[in-house]
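Novice: If you read the sequences in order, they're chains L and P. The opening position of the first sequence corresponds to residue 33 in my numbering, with each subsequent residue numbered one higher. The opening position of the second sequence corresponds to residue 33 in my numbering, with each subsequent residue numbered one higher. Glycine included, every Cβ here is placed at the ideal spot set by N, Cα and C. This structure is a prediction, so every number in the text was calculated from the model and none was measured.
There are 2 protein chains.
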Amino acid sequence: IPKQLIPQIDEALRSELQTKGHLKKLETGEVMLRENANIKAIPIILSGTLKVSREDQAGKELLLYYVKPGESCVMSFFGGLHHDTSKIKAVAEEPTEILLISTEDSNEWVKKYPSWIDFIFYLYHKRFEELLEVVNEIAFQKIDERIIHLLNKKASLTGHKEIITTHQQIADELGTSREVVSRLLKQMEGDKKIALSRNKITLL
Amino acid sequence: IPKQLIPQIDEALRSELQTKGHLKKLETGEVMLRENANIKAIPIILSGTLKVSREDQAGKELLLYYVKPGESCVMSFFGGLHHDTSKIKAVAEEPTEILLISTEDSNEWVKKYPSWIDFIFYLYHKRFEELLEVVNEIAFQKIDERIIHLLNKKASLTGHKEIITTHQQIADELGTSREVVSRLLKQMEGDKKIALSRNKITLL
DNA sequence: GGCCTTATGTGATATTCGTCACTTAAAATC
DNA sequence: GATTTTAAGTGACGAATATCACATAAGGCC
Chain L
33 IPKQLIPQID EALRSELQTK GHLKKLETGE VMLRENANIK AIPIILSGTL KVSREDQAGK
93 ELLLYYVKPG ESCVMSFFGG LHHDTSKIKA VAEEPTEILL ISTEDSNEWV KKYPSWIDFI
153 FYLYHKRFEE LLEVVNEIAF QKIDERIIHL LNKKASLTGH KEIITTHQQI ADELGTSREV
213 VSRLLKQMEG DKKIALSRNK ITLL
Chain P
33 IPKQLIPQID EALRSELQTK GHLKKLETGE VMLRENANIK AIPIILSGTL KVSREDQAGK
93 ELLLYYVKPG ESCVMSFFGG LHHDTSKIKA VAEEPTEILL ISTEDSNEWV KKYPSWIDFI
153 FYLYHKRFEE LLEVVNEIAF QKIDERIIHL LNKKASLTGH KEIITTHQQI ADELGTSREV
213 VSRLLKQMEG DKKIALSRNK ITLL
């Protein structure tokens with residue numbers, strides 16, 4: 033099933049993925065990995081999107097990044113190897129197909145396929161940079177800027193200027209409260225930056 | 033020079049580090065790597081401490097983590113490979129000795145020494161988890177809690193209950209202002225959690 | 001079409017934090 | 001020991017955000 037999804041790996045490895053990987057389909061909203069869960073496998077996204085977020089003790093959430101087709105949740109990689117528990121939560125944003133790779137297989141491929149190593153390194157690095165972005169945002173940006181940024185991210189993810197979401201959801205992803213988001217969105221509507229309707233925000 | 037510093041690598045690689053690595057000494061406060069600089073080598077800390085932080089456009093700073101002996105600044109690893117520029121700043125907290133590894137050597141070792149791969153993976157993972165911690169802190173904790181946490185971290189780093197620092201420095205590391213830090217510290221002193229004097233904070 | 005659920009709008013108010021404008025104090029230098 | 005530099009203390013104020021308490025509206029469902 034995997035093809036030009038992951039260009040950086042070689043053919044032999046690609047066919048190993050085919051035979052050893054275990055296909056799984058997730059519904060929208062289905063939780064792939066919850067915090068503190070044991071990590072048993074490494075998922076590679078075939079289609080759809082995973083949303084990765086962090087929660088604090090009080091249950092407040094914060095979006096970290098999206099995992100798109102051809103990518104993987106790297107935390108699983110090393111974590112799986114060392115019987116670590118997950119520090120993050122991963123939820124399907126839309127119907128999503130993933131290929132589960134056992135930690136044993138991955139471990140073996142590290143020895144056999146240099147391109148597997150490259151792939152993992154690439155993902156680690158990418159996620160690392162994304163995390164740095166998140167740090168920058170929450171440390172230095174005001175919530176209205178963060179909302180704009182999030183809306184743009186969501187729009188580029190789907191390719192639509194219309195974003196199907198609720199204010200509550202945005203608030204959760206930014207770790208703030210619904211009222212704050214509603215107020216700021218209303219303000220942006222006044223500034224003709226967006227148009228609001230129930231369950232939908234349109235970028236202008 | 034390297035010895036039981038990095039237990040996870042094997043002897044052959046250890047001697048390669050000896051011969052190929054280039055020793056460098058940094059003074060306190062000396063900048064090893066600034067943001068947007070080209071990455072030419074991977075540093076391994078032999079003694080001392082590197083402080084890694086992020087800056088925003090306005091020049092505000094934020095401490096990300098400390099790099100201790102036997103560890104490395106992983107951003108360099110992949111970044112060096114792909115001629116990336118640095119997203120972070122690294123400064124010596126105290127007189128620090130580092131071993132510089134060229135990206136070419138590292139690249140070769142990836143093929144020759146499995147333990148080098150393990151080492152890099154381990155560091156990536158560790159740094160990743162630390163970054164997640166930072167995200168949690170700035171997203172969910174109030175500044176007084178973050179100050180306490182920082183003081184404890186500094187104390188455990190040196191092994192002393194007396195921390196040599198200024199309020200300004202703490203403010204910088206947390207990305208806030210000096211006045212805020214002074215006020216909150218004063219409050220903690222009232223609560224008998226710490227004792228204050230010029231250039232020094234003592235944990236009680 | 002009426003009812004119910006869920007989403008959104010909004011005022012009032014409290015906290016937390018950032019900023020400005022100083023003062024005071026400690027240490028460093030001469 | 002007087003002077004200068006640097007660190008710390010503090011009041012006043014403003015901005016950003018959080019929280020509470022509702023009112024209103026939009027869609028789904030019977």
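Applying the 10 Å Cβ sphere with the 16-neighbour rule, what's the burial state of Ser188 (chain L)?
Specialist: Ser188 (chain L) comes out exposed.
Novice: Looking at the structure shown, is Ile77 (chain P) part of a helix, part of a strand, or coil, going by DSSP?
Specialist: Of the three classes helix, strand and coil, the one that applies to Ile77 (chain P) here is strand, per DSSP.
Novice: Looking only at C-alpha atoms, which of L:His54, L:Ile77 and L:Leu96 sits nearest to Glu103 (chain L)?
Specialist: Closest by alpha carbon: L:Ile77.
Novice: From the DSSP output, which residues share a beta bridge with Leu189 (chain L)?
Specialist: According to DSSP, Leu189 (chain L) bridges with nothing at all.
Novice: In chain order, what residues of the same chain have a beta carbon less than 6 Å from the beta carbon of Val123 (chain L), not counting five sequence neighbours either side?
Specialist: Only Val63 and Lys83 meet the Cβ criterion.
Novice: Are any of the Cβ atoms in chain L nearer than 8 Å to that of Lys143 (chain P)?
Specialist: It does; some Cβ of chain L falls within 8 Å.
Novice: Shorter than 8 Å from the beta carbon of Leu95 (chain P) to some beta carbon of chain L?
Specialist: So, not an interface residue.
Novice: Determine whether the beta carbon atoms of Leu132 (chain P) and Gly53 (chain P) lie at a separation below 8 Å.
Specialist: Taking 8 Å as the Cβ cut-off, Leu132 (chain P) and Gly53 (chain P) qualify as a contacting pair.
Novice: With a threshold of 16 other CB atoms inside 10 Å of the CB of Ser239 (chain L), please say whether the residue is buried or exposed.
Specialist: Here chain L comprises residues numbered 33 to 236, so residue 239 (chain L) is not present and cannot be evaluated.
Novice: Indicate whether Leu155 (chain P) and Lys119 (chain L) have their beta-carbon atoms separated by less than 8 Å.
Specialist: In this structure, Lys119 (chain L) does not lie closer than 8 Å to Leu155 (chain P) by Cβ.
Novice: Helix, strand or coil: how does DSSP classify Leu236 (chain L) here?
Specialist: It is coil, neither helix nor strand.
Novice: Can you determine whether any heavy atom of the ligand PLP sits closer than 7 Å to the C-beta of Ile175 (chain L), and answer yes or no?
Specialist: With respect to the ligand PLP, the structure offers nothing, as it holds no ligand at all.
Novice: Compare the Cα-Cα distances from Glu87 (chain P) to each of P:Asp204, P:Asp223 and P:His115 and report the closest residue.
Specialist: If we check each option's Cα against that of Glu87 (chain P), P:Asp204 comes out closest.
Novice: What are the uninterrupted segments assigned as alpha helix (DSSP H) that are 4 or more residues long and contained completely in the segment 126–205 of chain P, given in chain order?
Specialist: Complete alpha helix (DSSP H) runs here, min 4: 135–144, 146–172 and 175–190.
Novice: Any chance the segment 134–148 of chain P sits against the segment 36–53 of chain P, with 3 or more Cβ pairs inside 8 Å?
Specialist: A contact exists between the segment 134–148 of chain P and the segment 36–53 of chain P.
Novice: Ignoring anything shorter than 4 residues, give me the alpha helix (DSSP H) runs that lie fully in the segment 36–62 of chain L, in order along the chain.
Specialist: Counting only runs of 4 or more, we get 43–52.
Novice: If we define contact as Cβ-Cβ less than 8 Å, is Leu163 (chain L) a contact residue for chain P?
Specialist: Output row for Leu163 (chain L): interface = yes.
Novice: I'd like the span of the alpha helix (DSSP H) that includes Lys218 (chain P), first residue to last.
Specialist: Note, Lys218 (chain P): alpha helix (DSSP H), Arg210 to Gly222.
Novice: Along the segment 200–223 of chain L, what residues have a CB closer than 8 Å to any CB found in chain P?
Specialist: Taking 8 Å as the Cβ-Cβ cut-off against chain P, the residues of the segment 200–223 of chain L that qualify are Gly207.
Novice: Do Ser147 (chain L) and Leu37 (chain L) come within 8 Å of each other at the CB atom, strictly closer than that value?
Specialist: It is not a contact, given that the beta carbons lie outside the stated cut-off.
Novice: Could you tell me whether any Cβ in chain P is nearer than 8 Å to the Cβ of His157 (chain L)?
Specialist: By this cut-off, His157 (chain L) is an interface position.
Novice: At a CB-CB cut-off below 9 Å, which residues of chain L make contact with Ala139 (chain P)?
Specialist: Checking the sequence, you will find Asn at residue 139 (chain P) rather than Ala. Here the premise fails: no neighbours, minimum Cβ distance about 11 Å.
Novice: Residues in the same chain with beta-carbon distance under 6 Å from Trp141 (chain L), minus the five sequence neighbours each way, listed in chain order, please.
Specialist: So the list reads Trp148, once near-sequence residues are dropped.
Novice: Rounding to the nearest angstrom, what Cα-Cα distance links Pro39 (chain L) and Phe151 (chain L) in this structure?
Specialist: Whole-angstrom Cα-Cα distance: 10 Å.
Novice: Comparing alpha-carbon positions, which option in L:Lys225, L:Phe160 and L:His157 lies nearest Glu194 (chain L)?
Specialist: That would be L:Lys225, whose Cα lies nearest to the Cα of Glu194 (chain L).
Novice: Taking only the alpha-carbon atoms, compute the straight-line gap between Ile196 (chain L) and Gly111 (chain P) and give it to the nearest angstrom.
Specialist: Cα to Cα, the separation comes out at about 36 Å.
Novice: Please compile the residues from chain P whose C-beta is within a distance smaller than 9 Å of the C-beta of Met107 (chain L).
Specialist: By Cβ distance, chain P contributes His157, Phe160, Glu161 and Leu164.
Novice: Let me make sure I understand the geometry here. Which of P:Cys105, P:Leu58, P:Ser85 and P:Ser47 has the alpha-carbon closest to that of Leu71 (chain P)?
Specialist: Per the sequence presented here, residue 71 (chain P) reads as Ile, with Leu not at that position. The residue with the shortest Cα to Cα distance from Ile71 (chain P) is P:Cys105.
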